Amino acid sequence: MDKIMLHFLAFILVSLTSSSEVSVENILSQHNICTEPFKKKFSGEVLAFLTPWNSKGYDYALKYSAKIDYISPCWYQLNVYTVYGYKLEYDLLGEGNKTFIEASKDLFKILPRIILENTNTDDYKKLLESDEDQVNLSEKIKNFIISKGFAGVMLEMWTQGNGILRNADQKEYLRSFQVRLIQKICRTMKANNLMCMITVPAPRPNYRVEFSMGEFLKLSKFVDRFALVSYDYSQISPGPNSPENWIKSCYKELVDQIDLSDYDEEAAESMHLKYMKQLMLGVPFYGYEFSPLDKPNQYTRHSTRAITGNDFLQLLEKNKMRVEWESAHNEHKFSYKIGKNEIIAYFPTKEMIESRVKLAEKLKTGISIWELGQGFEYFFEAL
Numbered sequence: 028m029d030k031i032m033l034h035f036l037a038f039i040l041v042s043l044t045s046s047s048e049v050s051v052e053n054i055l056s057q058h059n060i061c062t063e064p065f066k067k068k069f070s071g072e073v074l075a076f077l078t079p080w081n082s083k084g085y086d087y088a089l090k091y092s093a094k095i096d097y098i099s100p101c102w103y104q105l106n107v108y109t110v111y112g113y114k115l116e117y118d119l120l121g122e123g124n125k126t127f128i129e130a131s132k133d134l135f136k137i138l139p140r141i142i143l144e145n146t147n148t149d150d151y152k153k154l155l156e157s158d159e160d161q162v163n164l165s166e167k168i169k170n171f172i173i174s175k176g177f178a179g180v181m182l183e184m185w186t187q188g189n190g191i192l193r194n195a196d197q198k199e200y201l202r203s204f205q206v207r208l209i210q211k212i213c214r215t216m217k218a219n220n221l222m223c224m225i226t227v228p229a230p231r232p233n234y235r236v237e238f239s240m241g242e243f244l245k246l247s248k249f250v251d252r253f254a255l256v257s258y259d260y261s262q263i264s265p266g267p268n269s270p271e272n273w274i275k276s277c278y279k280e281l282v283d284q285i286d287l288s289d290y291d292e293e294a295a296e297s298m299h300l301k302y303m304k305q306l307m308l309g310v311p312f313y314g315y316e317f318s319p320l321d322k323p324n325q326y327t328r329h330s331t332r333a334i335t336g337n338d339f340l341q342l343l344e345k346n347k348m349r350v351e352w353e354s355a356h357n358e359h360k361f362s363y364k365i366g367k368n369e370i371i372a373y374f375p376t377k378e379m380i381e382s383r384v385k386l387a388e389k390l391k392t393g394i395s396i397w398e399l400g401q402g403f404e405y406f407f408e409a410l
């Protein structure tokens, strides 16, 4: 048999062992391979979060910078508190990675995440009800971003604010003030040619509304991009982390039901496209492992553990793993047994990432990745 025929047969074999026949062996042998690191395939924007506690993300960001438009490092937190019994103070705490900033300054736009933490209900209500404090906070964030030379800010305060207000009187009324707070911050940023993005929870079936279509519309004039947290779907019982059918329903709920009847057909399509481009489909680079509890309770029969790429490799190496592609969710399910107990894991594969990229292309949205340092290099093949 000549060399041409051998190469042809090898090509056919590789083609046949693609998404339908993912195996433990090909994950172990291919997870750290990306054949086109300098070519971006996805036509939309890509935002990637990175964290200091998964430092591999810094290396991936630099290595695959051609595929990334925005980086949001999780370096800073915002604390709001009262001093002297009446005066509100707002601290921006944390420290950036100067080496990474210097190495990446010409590669992509950096918008650090600022997360709202260590703030009680009374202090947050004061902030929401005070125009002066909102202006002061907006100026503080703007000046901080300018002083560091960043392109803008990623605000992670919507879900945190909802949590702070969970047991507050008039919480829906105060939530409307939360919209105004974010509008003020973003208006200040944009007036200084800085970008303003926020993270928002994805709508969940049979669950309280954490972020509504109306709130999206009120913020869309001020916020450049919305990073949709379309993962963490199954945290109590075994199930997919980011099922594709759920993601599709999120976009229907947030955008497809917006009333555009006042526009002609062409203008309505343009507005719909504008809204979709503001949204960034959340793609997880991590997964979950579910183990049966010795003593199940009324809430769950399983313990849940978030797992990174390194954790997942150890599971594959140490256990006889069964691999299934769940076409209803477009995710792979992994399972193995310890005695009579079945342990189940859902972790992204290259095929799952490819599926989400195709969906984002179809929806005409961007992609936001949580988070770089937890995943595998072959995930970047699809981007």
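For the record, in the sequence shown the residue sitting at position 352 is 379 according to the working numbering, with numbers rising by one throughout.
We put the beta carbon where it would ideally sit given N, CA and C, even for glycine.
Given the structure is predicted, the values throughout are model-derived calculations rather than measurements.
Between Ile225 and Leu164, the C-beta gap is not smaller than 8 Å, which leaves the two residues out of contact. Between Lys136 and Ile128, the alpha-carbon positions lie close to 10 Å from each other.
Sequence-distant partners of Glu404 (beyond 5 residues in either direction) whose C-beta falls short of 6 Å from its own C-beta, in its chain, are Asn59 and Cys61. Per the Cβ contact rule, the region 246-256 is in contact with the region 210-219 (3 or more Cβ pairs under 8 Å).
Per DSSP, the continuous beta strand (DSSP E) segment holding Tyr315 begins and ends at Gly314 to Pro319.
The Cβ atoms of Phe238 and Trp185 sit closer than 8 Å to each other.
Assigned with DSSP and collapsed to three states, Met184 falls in coil, not helix or strand. Three or more Cβ pairs closer than 8 Å define a contact, and the region 320-336 falls short of that threshold against the region 270-277. The Cβ atoms of Met348 and Val51 lie closer than 8 Å to each other.
Separation of Glu316 and Arg252 (C-alpha to C-alpha, rounded to the nearest whole angstrom) is 31 Å. Restricting attention to Ser92, Lys125 and Lys83, the CA atom closest to the CA of Asp133 is found in Ser92. Counting C-beta atoms within 10 angstroms of its own C-beta, Pro270 has 16 or more neighbours from the protein chains shown and is therefore classed as buried. Cβ atoms of Leu74 and Ala88 stay farther apart than 8 Å, at about 11 Å. For Ser70, the closest C-alpha among the options Ile141, Val384 and Ala130 is that of Val384.
Here Leu221 is not near Ala254, since their CB atoms are 8 Å or more apart.
Sequence-distant Cβ neighbours of Trp102 in its own chain, meaning closer than 6 Å and more than five residues away, are Gly121, Gly123 and Pro139. Selection Asn346, Leu342, Ser82 and Leu281 evaluated against Pro232 yields Leu281 as nearest (Cα-Cα).
For Tyr405, the three-state secondary structure derived from DSSP is helix. Within the same chain, Cβ atoms closer than 6 Å to the Cβ of Lys198 are found at Leu192, the five residues on either side in sequence being excluded. By the neighbour-count criterion, in which 16 or more other beta carbons inside 10 Å mark a residue as buried, Gly112 falls on the exposed side.
Around the beta carbon of Pro267, 16 or more other beta carbons sit within 10 angstroms, so the residue counts as buried. Asp150 sits buried, since 16 or more C-beta atoms from the chains shown fall within 10 Å of its C-beta.
Check the Cα spacing between Ile285 and each of Gly241, Ser257 and Ser261: the tightest is with Gly241.
Rounded to whole angstroms, the gap between the alpha carbons of Pro311 and Ile396 is 6 Å. For Asp149, the enclosing alpha helix (DSSP H) covers residues Thr148 to Glu156. For the options Glu116, Asp96 and Tyr97, the alpha carbon positioned closest to that of Leu105 is the one of Glu116.
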